[in-house]
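Peer 1: Would you mind keeping the following structure in view while I ask a few things?
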Amino acid sequence: MKVLTLNFLTCAVKACKTTNNSFPLHPKDAELVHDEIEINRDLLVNVLPRIDWTALRTTSTELGFPTLPEQPPTAEDLQQDEKMLKELHALLLETQMMEGKLVCGHCGHEYAVREGIANFLLPSHLV
Amino acid sequence: MLPTPDTSHVPYQRVYEPAEDSFLLLDTLSSATETAYLARRFGSSIVAPLILEVGPGSGVVIAFLTANARTIFGTSDILTLGVDVNGFACAATEKTVSRAVVTENNSSSTKRQDEERETGTFLAAVQGDLTSPLRPGTIDMLVFNPPYVPTAELPAAAFAPSSSSTQTTTFRQDSHLLELSYAGGKDGMETTDRLIAALPIILSKRGCAYILLCAQNRPEEVKERVRRWSGGGVGEVWKAETVGTSGKQAGWEKLQIIRIWRETNV
Ligand SMILES: [Zn+2]
Chain W
17 MKVLTLNFLT
27 CAVKACKTTN
37 NSFPLHPKDA
47 ELVHDEIEIN
57 RDLLVNVLPR
67 IDWTALRTTS
77 TELGFPTLPE
87 QPPTAEDLQQ
97 DEKMLKELHA
107 LLLETQMMEG
117 KLVCGHCGHE
127 YAVREGIANF
137 LLPSHLV
Chain B
5 MLPTPDTSHV
15 PYQRVYEPAE
25 DSFLLLDTLS
35 SATETAYLAR
45 RFGSSIVAPL
55 ILEVGPGSGV
65 VIAFLTANAR
75 TIFGTSDILT
85 LGVDVNGFAC
95 AATEKTVSRA
105 VVTENNSSST
115 KRQDEERETG
125 TFLAAVQGDL
135 TSPLRPGTID
145 MLVFNPPYVP
155 TAELPAAAFA
165 PSSSSTQTTT
175 FRQDSHLLEL
185 SYAGGKDGME
195 TTDRLIAALP
205 IILSKRGCAY
215 ILLCAQNRPE
225 EVKERVRRWS
235 GGGVGEVWKA
245 ETVGTSGKQA
255 GWEKLQIIRI
265 WRETNV
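Chains as they are written, first to last, in the working numbering: chain W, 17 to 143; chain B, 5 to 270.
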């Protein structure tokens with residue numbers, strides 16, 4: 017599961033959907049792997065506008081990556097700032113979460129991640 | 005004809021094997037009318053679309069969309085994702101997509117060097133119930149080949165903790181996983197109805213959904229029902245049309261694919 021995925025996932029519990037604390041989910045005991053992928057500037061420029069930057073900053077810090085700037089880079093920034101481009105590429109697309117848990121900040125439910133697959137099936141009492 | 009992704013590694017005793025319905029989806033999504041529609045909707049966008057397949061099973065459809073992104077969407081800047089209730093299907097999907105992408109990239113590396121990328125970017129296969137793990141309003145295109153066969157009742161829902169991909173399973177557990185992939189309960193629509201009800205929440209403003217139905221699902225009624233949603237938002241019109249069909253049986257189209265989307269007339 018690529019780290020970018022975490023920007024689109026939320027707690028599966030219905031009552032959590034309307035709260036702000038259920039996003040982003042918080043990685044716990046995360047085991048990461050790094051896959052070398054050819055850098056694709058156009059893709060990153062087009063992905064940037066759909067990223068929730070505040071959530072990504074949280075995810076980045078919690079996974080032990082360098083703190084991202086408070087404001088997202090603009091498309092022009094990404095064209096010029098090679099270092100920022102490389103950092104985002106490495107975090108969003110090259111890094112995969114293979115093992116660990118994703119924890120909801122609202123209800124505290126922990127979703128297991130095993131062999132790169134997060135399990136969002138709920139125990140029957142939470143459905 | 006675009007190549008069909010290889011699924012020879014998929015354990016068919018517990019993951020739905022690509023069949024007529026899967027191939028109808030491939031044919032429809034790569035047809036001249038649908039590629040023109042998708043390219044118009046997403047091809048020149050500066051925001052990469054997020055494509056979700058619900059219940060990818062073997063992964064053949066989402067692998068096809070990812071590996072042939074530029075041909076189908078007019079851009080390779082797409083993100084793809086799968087959610088399946090079956091953990092083995094998630095593992096199978098990841099493998100099918102990565103193999104299809106590698107195959108495509110190897111075959112196009114023999115072409116001209118400066119040729120544009122063909123393949124999109126696959127994010128993950130996630131185990132879950134329909135769209136429940138996803139943030140509202142994030143999905144730009146959703147594809148669903150549902151459990152559409154009418155059955156007396158739905159199989160018991162899958163709950164956590166459920167079979168992980170490393171566990172061994174019994175014959176009964178395997179049968180249950182396969183049943184979840186085809187048994188649709190009343191009119192074959194119990195699961196599909198839940199998915200359709202979630203569309204206004206999960207789809208982005210520019211979102212669309214492709215859903216496969218069989219004749220017993222009463223596709224005409226399904227489309228009518230969606231059209232009646234119109235008026236929910238200001239100037240919002242919901243549309244539903246049949247965009248692919250296969251095999252007539254006793255005068256009825258046995259299988260068909262409907263496209264559901266909203267248009268905002270401001
Ligand atoms: Zn929660």
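Using N, Cα and C, we set each Cβ at its ideal position, and we do this for glycine too.
1) Buried or exposed: which applies to Ser80 (chain B), given that a residue is buried once 16 or more other Cβ atoms fall within 10 Å of its Cβ?
2) For a test of your reading of the model: does the CB of Ser38 (chain W) fall under 6 Å from any non-hydrogen atom of ligand 1? Yes or no.
3) For Thr97 (chain B), collect the residues of the same chain with a Cβ closer than 6 Å to its Cβ; drop the 5 residues on either side in sequence, then sort them by chain order.
4) Please compile the residues from chain B whose C-beta is within a distance smaller than 8 Å of the C-beta of Ala28 (chain W).
5) As a quick exercise: from B:Trp265, B:Val101, B:Asn221, pick the residue whose alpha carbon is nearest that of Ser12 (chain B).
6) What are the uninterrupted segments assigned as beta strand (DSSP E) that are 3 or more residues long and contained completely in the region 59-86 of chain W, given in chain order?
7) Just verifying my parser: in three-state terms, what is the DSSP assignment at Ala128 (chain W)?
8) How long is the line joining the alpha carbons of Phe175 (chain B) and Asn269 (chain B), rounded to whole angstroms?
9) Relative to ligand 1, is the shortest distance from any of its heavy atoms to the C-beta of Val153 (chain B) smaller than 6 Å?
10) Among W:His50, W:Ser38, W:Cys27, W:Asn36, which has the Cα closest to the Cα of Val19 (chain W)?
11) Are the C-beta of Val129 (chain W) and some C-beta of chain B separated by less than 7 Å?
12) Quick one, which residues of the region 88-118 of chain B are near chain W if we go by CB-CB under 8 Å, in chain order?
13) I'd like to confirm something about His141 (chain W): is its beta-carbon nearer than 6 Å to some heavy atom of ligand 1, or not?
14) Tell me which residue opens and which closes the beta strand (DSSP E) that Pro43 (chain W) is part of.
15) If contact means a Cβ-Cβ distance below 8 Å, which residues of the region 130-141 of chain W contact chain B?
16) Cβ of Val129 (chain W) versus every heavy atom of ligand 1: is any distance shorter than 6 Å?
17) Just the Cα atoms here: how many angstroms apart are Pro151 (chain B) and Glu183 (chain B)?
18) Express the C-alpha separation of Val106 (chain B) and Leu137 (chain W) in angstroms, rounding to a whole number.
19) Entirely within the region 44-104 of chain B and at least 3 residues each: give me those beta strand (DSSP E) ranges in chain order.
20) Could you name the residues of chain W that Pro140 (chain B) contacts, counting a contact when the two beta carbons are closer than 9 Å?
21) Compare the beta carbon distance of Gln131 (chain B) and Asn62 (chain W) with 7 Å and say whether it is the shorter of the two.
22) In chain order, what residues of the same chain lie with their CB nearer than 7 Å to the CB of Ala128 (chain W), ignoring the 5 residues before and after it?
23) Measuring only the C-alpha atoms, how far is Pro38 (chain B) from Trp265 (chain B)?
24) Should Arg18 (chain B) go down as buried or exposed, given a rule of 16 or more other Cβ atoms within 10 Å for buried?
25) List the DSSP bridge partners of Gly177 (chain B).
26) Looking at C-beta atoms only, is the number of pairs between the region 18-31 of chain B and the region 53-60 of chain W that lie closer than 8 Å three or more?
27) Looking at chain W, is there any beta carbon in it that lies within less than 7 Å of the beta carbon of Val14 (chain B)?
28) Round the Cβ separation of Thr142 (chain B) and Phe24 (chain W) to the nearest angstrom and send it over; I've been treating them as touching at under 8 Å.
29) May I ask which residues mark the beginning and end of the alpha helix (DSSP H) holding Val226 (chain B)?
30) Would a check of beta-carbon distances place Phe148 (chain B) closer than 7 Å to chain W?
31) Should Asn36 (chain W) be flagged as near chain B, meaning a C-beta pair shorter than 7 Å?
32) Does the CB of Leu118 (chain W) have a neighbour CB from chain B at under 7 Å?
33) List, in order along the chain, the chain W residues whose C-beta lies closer than 7 Å to that of Asp81 (chain B)?
34) The alpha helix (DSSP H) with Glu98 (chain W) in it runs from where to where?
35) Return the first residue and the last residue of the beta strand (DSSP E) that Phe126 (chain B) is part of.
36) Which residues in the same chain have their Cβ closer than 7 Å to the Cβ of Trp233 (chain B), if we skip the five residues on either side of it in sequence?
Peer 2: Taking the coordinates as given:
1) The residue labelled residue 80 (chain B) in the question sits at position 76 within the second sequence. Answer is buried; the Cβ neighbour count reaches 16.
2) To locate residue 38 (chain W), count along the first sequence from 1; it is residue 22. Indeed, a heavy atom of ligand 1 lies less than 6 Å from the Cβ.
3) Residue 97 (chain B) sits at position 93 when you count from the first residue of the second sequence. In its chain, beyond the 5 residues on either side, Pro60, Gly63, Gly86, Ala129 have a beta carbon closer than 6 Å to the beta carbon of Thr97 (chain B).
4) On the first sequence, position 12 is the one that residue 28 (chain W) refers to. Under the 8 Å cutoff, chain B gives Gly132, Asp133, Ser136, Pro137.
5) Here residue 12 (chain B) is taken as the residue at index 8 of the second sequence, counted from 1. Closest option to Ser12 (chain B), Cα to Cα, is B:Val101.
6) If we require 3 residues or more, the region 59-86 of chain W turns out to have no beta strand (DSSP E) run fully inside it.
7) The count along the first sequence starts at 1 and reaches residue 128 (chain W) at position 112. The answer is strand: DSSP assigns Ala128 (chain W) an E or B state.
8) Here residue 175 (chain B) refers to the residue found at position 171 when the second sequence is read from its first residue. Here residue 269 (chain B) refers to the residue found at position 265 when the second sequence is read from its first residue. Cα to Cα, Phe175 (chain B) sits roughly 53 Å from Asn269 (chain B).
9) In the second sequence, the residue the question calls residue 153 (chain B) occupies position 149. No; taking the cut-off as 6 Å, the Cβ of Val153 (chain B) has no heavy atom of ligand 1 nearer than that.
10) For the purposes of this step, residue 19 (chain W) is identified with residue 3 of the first sequence, where counting begins at 1. Checked all of W:His50, W:Ser38, W:Cys27, W:Asn36; the closest Cα to Val19 (chain W) is W:His50.
11) The count along the first sequence starts at 1 and reaches residue 129 (chain W) at position 113. So, not an interface residue.
12) From the region 88-118 of chain B, only Val89, Gly91, Cys94, Ala95, Glu98 have a Cβ closer than 8 Å to chain W.
13) The residue labelled residue 141 (chain W) in the question sits at position 125 within the first sequence. The answer is no for His141 (chain W).
14) Position 27 of the first sequence, counted from the first residue, corresponds to residue 43 (chain W). Note, Pro43 (chain W): beta strand (DSSP E), 42-50.
15) The residues in question are Arg130, Glu131, Gly132, Ile133, Ala134, Asn135, Phe136, Leu137, Leu138, Pro139, Ser140.
16) As a first step, residue 129 (chain W) must be located in the first sequence, where it is residue number 113. Flag unset: Cβ of Val129 (chain W) not near ligand 1.
17) Locating residue 151 (chain B) in the second sequence gives position 147, counting from the first residue. Locating residue 183 (chain B) in the second sequence gives position 179, counting from the first residue. Between Pro151 (chain B) and Glu183 (chain B), the C-alpha separation is close to 8 Å.
18) As a first step, residue 137 (chain W) must be located in the first sequence, where it is residue number 121. As a first step, residue 106 (chain B) must be located in the second sequence, where it is residue number 102. Each residue's CA atom was taken as its position, placing Leu137 (chain W) and Val106 (chain B) some 31 Å apart.
19) Within the region 44-104 of chain B, the complete beta strand (DSSP E) runs of at least 3 residues are 54-58, 83-88.
20) Taking the second sequence and counting its residues from 1, the one referred to as residue 140 (chain B) is at position 136. Correct list: Thr26, Lys33.
21) Residue 131 (chain B) sits at position 127 when you count from the first residue of the second sequence. Residue 62 (chain W) sits at position 46 when you count from the first residue of the first sequence. In this structure, Gln131 (chain B) keeps its C-beta atom at 7 Å or more from the C-beta atom of Asn62 (chain W).
22) The residue you call residue 128 (chain W) lines up with position 112 of the first sequence. Here Ala128 (chain W) has Lys117, Asn135 as same chain residues with Cβ atoms under 7 Å from its own Cβ, once five neighbours each way along the sequence are excluded.
23) Along the second sequence, read from residue 1 onward, the residue named residue 38 (chain B) stands at position 34. Along the second sequence, read from residue 1 onward, the residue named residue 265 (chain B) stands at position 261. Per the sequence shown, residue 38 (chain B) should be read as Glu rather than Pro. So the two alpha carbons sit approximately 13 Å from each other.
24) Taking the second sequence and counting its residues from 1, the one referred to as residue 18 (chain B) is at position 14. In this structure Arg18 (chain B) is buried. Its beta-carbon is surrounded by 16 or more other beta-carbon atoms within 10 angstroms.
25) Taking the first residue of the second sequence as position 1, residue 177 (chain B) is located at position 173. For the record, residue 177 (chain B) in the displayed sequence is Gln; it is not Gly. Answer is none; Gln177 (chain B) lacks a bridge partner.
26) No, they do not touch.
27) As a first step, residue 14 (chain B) must be located in the second sequence, where it is residue number 10. For Val14 (chain B), not one C-beta of chain W is nearer than 7 Å to its own C-beta.
28) Within the second sequence, numbered from 1, the residue matching residue 142 (chain B) stands at position 138. Within the first sequence, numbered from 1, the residue matching residue 24 (chain W) stands at position 8. About 5 Å; that satisfies the 8 Å criterion.
29) The residue labelled residue 226 (chain B) in the question sits at position 222 within the second sequence. Note, Val226 (chain B): alpha helix (DSSP H), 223-231.
30) As a working mapping, residue 148 (chain B) is identified with position 144 in the second sequence. Contacts with chain W at 7 Å (Cβ-Cβ) do not include Phe148 (chain B).
31) Indexing the first sequence from 1 puts residue 36 (chain W) at position 20. For Asn36 (chain W), the answer is no, since every Cβ of chain B falls outside 7 Å of its Cβ.
32) Start at 1 with the first residue of the first sequence, and residue 118 (chain W) comes out as number 102. Closer than 7 Å: no.
33) To locate residue 81 (chain B), count along the second sequence from 1; it is residue 77. Here the neighbours are Asp58, Leu59, Asn62.
34) To locate residue 98 (chain W), count along the first sequence from 1; it is residue 82. Looking at the DSSP string, the run of the alpha helix (DSSP H) that includes Glu98 (chain W) is 98-105.
35) To locate residue 126 (chain B), count along the second sequence from 1; it is residue 122. Note, Phe126 (chain B): beta strand (DSSP E), 125-131.
36) For this step, residue 233 (chain B) is matched to residue 229 along the second sequence. So the qualifying residues of the chain are Pro204, Trp242.
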